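*Asks:* There's a structure below that I have some questions on.
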Amino acid sequence: MHDTRPLLADSDFPAIFRKPLEILQVNLGYLCNLSCVHCHVNAGPKRTELMSLETLDQVLTLARTANIHTLDLTGGAPEMHPHFQYLVTAARGQGIKVIDRCNLTILEDRCYVGLAEFLAEQQVEITASLPCYLEENVDKQRGKGVFKNSLAALQRLNRLGYGQQDGLLQLNLVYNPQDARLPPEQQALEQAYKQHLLEHYGIVFNRLYAMVNMPIQRFGSMLVSQGRFDAYLNLLRSNFREDNLAHLMCLNTLSVDWQGYVYDCDFNQMLFKPRVHIGDLTLETLNGAAIATAAHCYGCTAGQGSSCGGAL
Numbered sequence: 316m317h318d319t320r321p322l323l324a325d326s327d328f329p330a331i332f333r334k335p336l337e338i339l340q341v342n343l344g345y346l347c348n349l350s351c352v353h354c355h356v357n358a359g360p361k362r363t364e365l366m367s368l369e370t371l372d373q374v375l376t377l378a379r380t381a382n383i384h385t386l387d388l389t390g391g392a393p394e395m396h397p398h399f400q401y402l403v404t405a406a407r408g409q410g411i412k413v414i415d416r417c418n419l420t421i422l423e424d425r426c427y428v429g430l431a432e433f434l435a436e437q438q439v440e441i442t443a444s445l446p447c448y449l450e451e452n453v454d455k456q457r458g459k460g461v462f463k464n465s466l467a468a469l470q471r472l473n474r475l476g477y478g479q480q481d482g483l484l485q486l487n488l489v490y491n492p493q494d495a496r497l498p499p500e501q502q503a504l505e506q507a508y509k510q511h512l513l514e515h516y517g518i519v520f521n522r523l524y525a526m527v528n529m530p531i532q533r534f535g536s537m538l539v540s541q542g543r544f545d546a547y548l549n550l551l552r553s554n555f556r557e558d559n560l561a562h563l564m565c566l567n568t569l570s571v572d573w574q575g576y577v578y579d580c581d582f583n584q585m586l587f588k589p590r591v592h593i594g595d596l597t598l599e600t601l602n603g604a605a606i607a608t609a610a611h612c613y614g615c616t617a618g619q620g621s622s623c624g625g626a627l
């Protein structure tokens, strides 16, 4: 796989600085039941990296000390971590909102019976990847059979009360472009998703998040192999919008990798040395600190902008 870090290092991206910490985004490991083309952490079934129980407890301690309001769990498939339910239950017991970045298919895996019910009982917000509402496109990007399993999982979640407009159980979907291009306008795409999924499958959900594919790891390597890396980076640069800078997720979010090291964002985990280990973190040093940037940051500021909560 091609390393895109040297291709991103020479950057004139504007300087940005951290605001008070509000959200912890925690990568529990790279183990996943899928191997998606757009995956920026190169997760898959053969990966063995998983966060230790000791580090999980350090995450909970930091969440309590920093008085964060949201714990955002990623992977891989975060649900495949053996202590996933322990972490969720403990965080909810502290009154913290928990987001599960779910690939949906894991909810249909016979090894994880009862997982969907657990998420509902804990009122975990689910943000689920569904890069298109057409079967051919989804299976091309994520693997054969993924679309059908994703629909079954969404229907299961709907039966549990997820996705209702006035309900407590939030279900959001994530769109990623099929190729090296910017996503379409989020609101219009959300309406198209809602209409198609309801009419054809009886599925409802709350929000659609349109995210830009980052030119790092598996996706970036594919672009290099095809000779399209520079063109994609130029596309991101040429669509830069300065007003997106004030809404970037890295301003109030701290990213923690599976080993417990902290970064300014999930993408920076793949590119930079960590700030410090979570066990040695001093909160006073974060507020106002410069955020590590490189050319990939144009992906978050291009066009309508992109964050873990969709368009900016």
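At position 191 of the sequence shown (counting the first as 1) the number is 506 in the numbering used here, and the numbers step up by one without a gap.
Every residue gets a Cβ at the ideal spot worked out from N, C-alpha and C, and that includes glycine.
Since the structure is predicted, the reported quantities are computational estimates derived from the model, not experimental observations.
With distances taken between CB atoms, is the gap from residue 524 to residue 442 smaller than 8 Å?
*Replies:* yes
*Asks:* Tell me where the beta strand (DSSP E) around residue 417 begins and ends.
*Replies:* 412 to 417
*Asks:* Just list the beta strand (DSSP E) runs in the segment 327 to 396, keeping only unbroken ones of 3 residues or longer that don't cross its boundaries, in chain order.
*Replies:* 338 to 342, 385 to 389
*Asks:* Hey, how far is the Cα of residue 634 from the Cα of residue 517?
*Replies:* This structure gives no information on residue 634, because the portion of the chain shown stretches from 316 to 627.
*Asks:* For residue 426, count neighbouring C-beta atoms within 10 Å of its own C-beta (all shown protein chains included) and say buried if the count is 16 or more, exposed if not.
*Replies:* exposed
*Asks:* Work out the CA separation of residue 475 and residue 320 for me, nearest whole Å.
*Replies:* 43 Å
*Asks:* My assumption, with CB atoms under 8 Å, is that residue 616 sits in contact with residue 559. Please give the rounded CB distance.
*Replies:* 4 Å
*Asks:* Give me the Cα-Cα distance between residue 593 and residue 375, rounded to the nearest whole angstrom.
*Replies:* Roughly 11 Å between the two C-alpha positions.
*Asks:* Can you tell me where the alpha helix (DSSP H) holding residue 540 begins and where it ends?
*Replies:* Segment 532 to 540, the alpha helix (DSSP H) holding residue 540.
*Asks:* With distances taken Cα to Cα, identify the nearest neighbour of residue 326 among 613, 627, 493.
*Replies:* 613
*Asks:* Which class does residue 440 belong to by DSSP, given the choice of helix, strand or coil?
*Replies:* strand
*Asks:* Give the secondary structure of residue 487 by DSSP, where H, G and I count as helix, E and B as strand, and everything else as coil.
*Replies:* strand
*Asks:* Smallest Cα separation from residue 386: which of 415, 364, 534?
*Replies:* 415
*Asks:* Please give the ranges of any alpha helix (DSSP H) in the segment 495 to 583, keeping only runs that are unbroken, at least 4 residues long and fully inside the region.
*Replies:* 501 to 516, 532 to 540, 544 to 553
*Asks:* According to DSSP, simplified to helix, strand and coil, what is residue 625?
*Replies:* strand
*Asks:* Check whether the segment 369 to 383 and the segment 535 to 555 are in contact - that is, three or more C-beta pairs closer than 8 Å.
*Replies:* The segment 369 to 383 makes no contact with the segment 535 to 555; the number of CB pairs closer than 8 Å stays below 3.
*Asks:* Give the DSSP-derived three-state secondary structure of residue 604 in the structure shown.
*Replies:* coil
*Asks:* If you draw a straight line from the alpha carbon of residue 532 to that of residue 460, how long is it in whole angstroms?
*Replies:* Distance from the CA of residue 532 to the CA of residue 460, rounded to the nearest whole angstrom, comes to 24 Å.
*Asks:* Using CA atoms only, rank isn't needed, just tell me which of 554, 591, 551, 345 is closest to residue 569.
*Replies:* With distances taken between Cα atoms, residue 569 lies closest to 591.
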